[in-house]
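What follows is a short report on a single structure.
There are 2 protein chains.
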Amino acid sequence: MARESDISDYLIAPDPGALRLTRRVSGFDQTGAPVETAVVEERPLTIFLNGQEIVTAMTIGDYPDYLALGFLKNQGMLREGEEITGVEFDEELETVVVRTATETDYEEKLKKKTRTSGCAVGTVFGDIMEGLDGLTLPPMELKTSDLYALSARISRTPSLYLEAGAIHGTVLCAGARPLVYMEDVGRHNAVDKIAGWMLSEGVSAADKTLYTTGRLTSEMVIKTALMGIPALASRSGFTAWGVEIAQQVGLTLIGRLKGHRFVCLAGEERLTRDADPGAVPPEPASSGRKGATT
Amino acid sequence: MARESDISDYLIAPDPGALRLTRRVSGFDQTGAPVETAVVEERPLTIFLNGQEIVTAMTIGDYPDYLALGFLKNQGMLREGEEITGVEFDEELETVVVRTATETDYEEKLKKKTRTSGCAVGTVFGDIMEGLDGLTLPPMELKTSDLYALSARISRTPSLYLEAGAIHGTVLCAGARPLVYMEDVGRHNAVDKIAGWMLSEGVSAADKTLYTTGRLTSEMVIKTALMGIPALASRSGFTAWGVEIAQQVGLTLIGRLKGHRFVCLAGEERLTRDADPGAVPPEPASSGRKGATT
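So the sequences go chain by chain: F and R. Using the numbering used here, the first residue of the first sequence is number 1, and each one after it goes up by one. Using the numbering used here, the first residue of the second sequence is number 1001, and each one after it goes up by one.
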């Protein structure tokens, strides 16, 4: 059950009751009895940077402005200090256009490279890896008591996941306080929406922890590092390359965080072990995040 | 525990002991004690069609030939009956080149469209949706006894998931028999590897069921339908668009398949309810697929 203190602290919390985000669908259960069940929405959203079409993302559809801003920022398509002159969402056309004061390098680059490489995906990825060179993340103290508190509060927070499943969650946290909890059908969209919110609000990353329900893959680690967030925690597992990159850039990487258990595979020096793992209550089997939201 | 009968029937089963697929990584557990843990590998693989670079996929790295063939097939880039003259994998360059007897439409299309749209992702997606027009899937009888048997056998099969977590599984099944079980860090790669195997072996799709540990999103439903497989089952949940497309093309869509429970949200007419759900043993809490492989 959610407690009042679990949700009152959020700046943005999930809105599982929002009409546009889930739909009731009719079907049959294992006994053949008709059932109505809630399923999450999934819509295409095409992101433009000025006059240039960048990508079509599949998204649940909330916060298209944050998603577009965060996607472009996380892809390195918005320079540091770039002036955003407008973000225009068109619900009918399913497009969002981000306008900047000056044309950025990126658009020119994209035009040039796609002529030879055919698809931007490879190109963009190469650029992102370059962005990690020389990156150092700030020191920070991450208390294990805060980690346990975050994990428990996030699990009890009413969410689309608890309502309909099949969705990922990412939460920006400061100490034991979850600040912004985004969910999306696209694993990276939830992170991008947080990046867009941080960019819009001018929020510092240096003292934050990012919590995700998703796996700690290379892409997730790279995004977190490029956002300047020094710690990333997940209830899910790791990939080898994700661990390698976290070690290279000095990101604190915590996975398999369930009940009193976790494993730290990079950036151990930020951890202050002030909590007794033996005193952490086990996760209730029938509540919280129930299973494979994949 | 795995039983002999669970794994002896597979044509391809996971190989959790393979050296190239997992790595031992050192870290610390919640008590601060040093731990060694297995994590899955994740490598870039760039797929070429003849002289054209198509995409860079993040993959665990087994079966690069099936992955490339299946990806191109599922993206509609290989025509029906197209003669494949070669598949060349270069481990050092992390590339795989698929060669066809004639240049396909797709390469020309891609060159043309990317000049105006910047990234192939949107383009490719549009082409795929077009491919669904007029598609009808064959009739088939899907017994609930087979569904329950598959679910139990797949959960007991030794896998990279059970070894290291953070990975997705997809299994091509015929009746109660799992034939080919592919795993990958990329959610769609596992399906593409199955498509590549089917193409290479000339296997019919009409009497098959596809089982996935992942969510039933639009992309997963579209891929299954384009492969000609009439039934898709998952232990995970649905998205609204996934359900809508399944209903449109008449695909049998079964989700939240755990223990005796499931929900069928499309193609109910293929189901024969020959099993008593009350007689299905519950999933053991501590074995099988343990949690969020996201």
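Beta carbons: idealized from backbone N, C-alpha and C, even for Gly.
- Considering only F:Asp15, F:Leu265, F:Leu232 and F:Thr144, the residue with the shortest C-alpha distance to leucine 137 of chain F is F:Leu232.
- For threonine 1037 of chain R, the nearest beta carbon of chain F is closer than 8 Å to its own beta carbon.
- Annotation: the continuous alpha helix (DSSP H) that includes glycine 1196 of chain R extends over 1189 to 1201.
- At a cut-off of 8 Å between beta-carbon atoms, glycine 1134 of chain R makes no contact with chain F.
- Along the segment 1169 to 1200 of chain R, going in chain order, the ones with a CB nearer than 8 Å to a CB of chain F are Val1185 and Arg1187.
- Within the segment 1034 to 1092 of chain R, the complete beta strand (DSSP E) segments of 3 residues or longer fall at 1034 to 1040, 1043 to 1049, 1052 to 1059 and 1084 to 1090, listed in chain order.
- With its beta carbon less than 8 Å from one in chain F, alanine 1164 of chain R belongs to the interface.
- For alanine 1231 of chain R, the enclosing beta strand (DSSP E) covers residues 1231 to 1234.
- Going by C-alpha positions, alanine 1149 of chain R is about 13 Å away from proline 1282 of chain R.
- In terms of beta-carbon proximity, proline 277 of chain F lines the interface with chain R, with at least one pair separated by less than 8 Å.
- The C-beta of leucine 1251 of chain R comes no closer than 8 Å to any C-beta of chain F.
- Using a Cβ distance threshold of 8 Å, threonine 170 of chain F and threonine 212 of chain F count as a contacting pair.
- DSSP places threonine 1144 of chain R inside the alpha helix (DSSP H), whose first and last residues are 1144 to 1156.
- Bounds of the alpha helix (DSSP H) holding leucine 1226 of chain R are 1218 to 1226.
- Cβ contact annotation for alanine 225 of chain F (same chain, cutoff 8 Å, sequence separation greater than five): Leu132, Leu135, Leu137, Ile245, Ala246, Val249 and Leu251, in chain order.
- With its beta carbon less than 8 Å from one in chain R, alanine 240 of chain F belongs to the interface.
- The segment 1051 to 1071 of chain R makes contact with the segment 1091 to 1103 of chain R: 3 or more CB pairs, one atom from each, lie closer than 8 Å.
- Taking each of F:Ile229, F:Leu19 and F:Lys223 in turn and checking the Cα distance to glutamate 130 of chain F, the smallest one comes out for F:Lys223.
- In the DSSP assignment, histidine 1168 of chain R is bridged to R:Asp1184.
- By the Cβ-count criterion, arginine 1024 of chain R is exposed, with fewer than 16 other Cβ atoms from all chains shown falling within 10 Å of its own Cβ.
- Sequence-distant Cβ neighbours of methionine 227 of chain F in its own chain, meaning closer than 6 Å and more than five residues away, are Ala195 and Ala205.
- Between glycine 76 of chain F and leucine 199 of chain F, the C-beta gap is not smaller than 8 Å, which leaves the two residues out of contact.
- A check of alpha carbon separations from threonine 22 of chain F across F:Arg153, F:Met140, F:Leu210 and F:Ala166 identifies F:Ala166 as the nearest.
- With distances taken between CA atoms, threonine 1102 of chain R lies nearest to R:Glu1082 out of R:Leu1271, R:Gly1175 and R:Glu1082.
- Between the alpha carbons of alanine 1033 of chain R and serine 1008 of chain R lies a gap of roughly 39 Å.
- Taking all protein chains in view, the Cβ of aspartate 276 of chain F is surrounded by fewer than 16 other Cβ atoms within 10 Å, so the residue is classified as exposed.
- Distance from the CA of phenylalanine 28 of chain F to the CA of threonine 1144 of chain R, rounded to the nearest whole angstrom, comes to 13 Å.
- Checking the DSSP bridge columns, you'll see arginine 256 of chain F has no partner listed.
- In this structure proline 284 of chain F does not touch glutamate 163 of chain F by the C-beta definition: roughly 18 Å separates them, more than the 8 Å allowed.
- In this structure, R:Arg1156 is the residue among R:Gly1186, R:Arg1156 and R:Ala1068 with its C-alpha nearest to the C-alpha of alanine 1013 of chain R.
- Neighbours of aspartate 207 of chain F in chain R, taken as residues whose beta carbon is under 9 Å from its own, are absent, since the nearest beta carbon is some 22 Å off.
- Following the DSSP letters along the chain, one finds alanine 275 of chain F in no beta strand (DSSP E), marked with neither H nor E.
- For the C-beta of leucine 265 of chain F, the chain R residues within less than 7 Å are, from N- to C-terminus, Val1025 and Gly1027.
- Secondary-structure assignment with DSSP links serine 26 of chain F through a beta bridge to F:Glu36.
- Between glycine 1237 of chain R and glycine 1255 of chain R a beta carbon distance of about 6 Å is seen, short of the 8 Å cut, so the two are scored as contacting.
- Here leucine 45 of chain F is buried. Its C-beta has 16 or more other C-beta atoms within 10 Å.
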